[in-house]
Amino acid sequence: MAVTEQQLQQILPNAGRQAGVFVPGLNATMGKYGIVSRLRMAAFFAQIGHESGQLRTLSENLNYRADRIRQIGLSSPAGSRWRSLVPRADELAGNSERFANAVYGGRMGNGPEASGDGWRYRGRGLIQVTGRDNYAACSEALFGDSRLLSTPELLEHPVYAAMSAGWFWQKAGLNTLADQGDLLTITKRINGGTSGLDDRKALYARALEVLQ
């Protein structure tokens, strides 16, 4: 089962003409990773639709206001990375690169904050691949080499953005959850929480209707 440009535009109307750009890569991805039933495709489109702002954003937005950094940080567990950023909120606000290095440095295989790895390996693709370790694993799966470590921006190309999402989907075992209609657990495995769940549910319902 493949998706057409018309169907994709109906599911993700804000994508506009971008829908057509992504159709070949999405169909190749879904075929490769077994995302071929109505339930699996609907869950996949709901998640990539939300994560990418309906195919319009392929690189993580890390431009936070100081008050937002404080809000998230103070609601995060003591000892967490987010909590540690609260005293630096004014310094990090409005500077995406500095913020990425602060929040991701020394994690997920990244070097320390000063290495720049946090920014270099920030979230990219339709399901945001984040961190040096994940870029390395994704690169090996997609290309059989480590090219994403030297050219991480490849994940902003529509085909590789889609393929990286399929790789993550398979790695996280999301087809099984999609077969069960378990959108909540899928969201938690992608997001780490339930951020944007209502939007994901709305996209899922629309996809199920379009893919009749």
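Those letters in the sequence shown? Residues 740 to 951, per the numbering used here, in order.
Think of the CB as a built atom: it goes at the ideal place given N, C-alpha and C, for glycine as much as any other residue.
**Request:** Please state if the CB of A875 and the CB of R861 are separated by a distance shorter than 7 Å.
**Result:** With respect to the 7 Å criterion, R861 and A875 are not classified as neighbours on the basis of their beta carbons.
**Request:** Mind checking who R863 pairs with in its DSSP beta bridge?
**Result:** The partner list for R863 (beta bridge, DSSP) reads S798, V868.
**Prompt:** With respect to the alpha helix (DSSP H) encompassing G788, which residues constitute its N-terminal and C-terminal limits?
**Reply:** Taken as a continuous stretch (DSSP letters only), the alpha helix (DSSP H) holding G788 covers 777-790.
**Message:** Considering only the alpha carbon of each residue, which of R820, S791, N834 lies closest to L801?
**Reply:** The shortest C-alpha separation from L801 is found at N834.
**Asked** What are the start and end residues of the alpha helix (DSSP H) that includes Q746?
**Response** First-last of the alpha helix (DSSP H) with Q746: 744-750.
**Asked** When the Cα of E879 is compared with those of N766, G857, F907, I750, which residue comes out closest?
**Response** For E879, the closest alpha carbon among the candidates N766, G857, F907, I750 is that of F907.
**Request:** Alpha carbon to alpha carbon, how far is V949 from T743? Give it in angstroms, no decimals.
**Result:** C-alpha of T743 to C-alpha of V949: approximately 11 Å in a straight line.
**Prompt:** Should F882 be labelled buried (16 or more other beta-carbon atoms within 10 Å of its own) or exposed?
**Reply:** Classification of F882: exposed, given that the 10 Å Cβ count is below 16.
**Message:** Relative to the C-alpha of T890, which candidate in A911, G788, K910, R863 has its C-alpha closest?
**Reply:** For T890, the closest C-alpha among the options A911, G788, K910, R863 is that of R863.
**Request:** Look at the alpha carbon of D856 and the alpha carbon of G844, and state the distance between them as a whole number of angstroms.
**Result:** The C-alpha of D856 lies about 6 Å from the C-alpha of G844.
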